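2 protein chains.
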Amino acid sequence: MRNSRSDVVEAALRVLDDHGLEFCSMRRVASALEVQPSALYHHVPNKQTLLALMADEIVRGVATTGEDPAAVCRSLRGALLSIRDGADVVATASAFRLGASSVEARLAQLVGADGARTLLLYTFGQAQATQTQMQAYAIGALPDYPRGDPAGDLAGGFDRGIAIILAGLEASGR
Amino acid sequence: MRNSRSDVVEAALRVLDDHGLEFCSMRRVASALEVQPSALYHHVPNKQTLLALMADEIVRGVATTGEDPAAVCRSLRGALLSIRDGADVVATASAFRLGASSVEARLAQLVGADGARTLLLYTFGQAQATQTQMQAYAIGALPDYPRGDPAGDLAGGFDRGIAIILAGLEASGR
DNA sequence: ACCTGAACACCGTTCAAGT
DNA sequence: ACCTGAACACCGTTCAAGT
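So the sequence lines, in the order shown, correspond to chains Z and B. For the record, in the first sequence the residue sitting at position 71 is 71 according to the numbering used here, with numbers rising by one throughout. Just add 1000 to the spot in the second sequence (first one is 1) and you have the numbering used here.
So, in structure tokens, the structure goes:
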């Protein structure tokens, strides 16, 4: 039973979610597929390309059909947070090179190019910070969170940031 | 002539700027200091800690004395861009865990906590995207930039994003 | 206090060879 | 087309030992 390129990408995403980016090595992906490391290079030219394919997959599910830019941003944030180190993978593999992504295109229709870019980069930075902080709490590196629910506070902060940006776009007449 | 912890951090920053994060290994830092790799562990418990110290150093120079929040953000962006892969290093080493940074504290004085966080995370995402894109152009991976100056366009986009956020804060009455 | 030398368990990638 | 096996030049980290 032999593998396809999407088998490799799927396996890589499983390894990422189970072990984190630090341990998402070609050799571990290979052994998840019960295959020699060198076999991966039949499907993918190098690790960088594999990471880019993973980033595309992570972003693929984002809902871009609605009319509410905040909802698009929340959906993007959800996708980035749905997998361990997802924000980091998408950041460095850069599924957002130039204005190529469909998410940015949709946001640009709704609020213009500058607004789209601002919303996108904020969402991105916020998701990354969220994931870094949640991991720090999980490790116990930030032991005493001031009473309560870090994930909820982080999400609330995100919504307020999006509201500020949308208010700014409204004020400058779109 | 023996080394101190700051010698190690300085050497690591030189290696980072010369070769990039991918090749900024403990072994390369060691050989830059003409020392065995194991010697580094006398000054630093592990690589992660070294990266955090590097991140602190990168952010240390940011000008936080002025009254203009946009100027603080521009200074932060400048610091992140002043060294190769600087935005990535600060992002993942996360000098912005909780609200610990002096930059965030100063911005919070000027525009409140939510505004500070929004400005900071946007600045952060934008710097990272800038660095990723500039590197792509340097490699030639994005061969045909539509006539002109990528760095300037990126900086212009940054200023417009900051203006949008500040307008939003103004509109929501600070 | 700061360093060497050797070792351990890993990496990404290439390449000839198999089916 | 897809894979194995072996090799190359690397990693981070530990630990006994030196000065």
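Beta carbons are placed, not taken as given, at the ideal position from N, Cα and C, and that holds for glycine. The structure displayed is predicted, hence computed values, not measured ones.
Check: Whether residue 1129 of chain B touches residue 121 of chain Z by CB criterion (8 Å); Outcome: yes
Check: is_contact[residue 94 of chain Z, chain B] using C-beta, thresh 8 Å; Outcome: yes
Check: CB contact below 8 Å: residue 102 of chain Z versus chain B; Outcome: no
Check: Exposure label - residue 85 of chain Z; buried when at least 16 CB within 10 Å; Outcome: buried
Check: Option in B:1114, B:1015, B:1088 and B:1026 with minimal Cα separation from residue 1042 of chain B; Outcome: B:1026
Check: Residue 1092 of chain B - containing alpha helix (DSSP H), residue span; Outcome: 1086-1093
Check: N-terminal and C-terminal residue of the alpha helix (DSSP H) that residue 1019 of chain B is part of; Outcome: 1005-1019
Check: Per-residue burial, residue 164 of chain Z [other beta carbons within 10 Å of its own, 16 or more giving buried]; Outcome: buried
Check: Proximity test, Cβ basis, 8 Å: residue 83 of chain Z and chain B; Outcome: no
Check: For residue 28 of chain Z and residue 15 of chain Z, believed in contact at Cβ under 8 Å, the rounded distance; Outcome: 5 Å
Check: Residue 152 of chain Z classed as buried or exposed, judged by whether at least 16 other C-beta atoms fall within 10 angstroms; Outcome: exposed
Check: Rounded straight-line distance, which links the Cα of residue 171 of chain Z to that of residue 22 of chain Z; Outcome: 43 Å
Check: Cutoff 8 Å: residue 110 of chain Z Cβ touching any chain B Cβ; Outcome: no
Check: Top-ranked residue by Cα proximity to residue 74 of chain Z, from Z:56, Z:103 and Z:5; Outcome: Z:103
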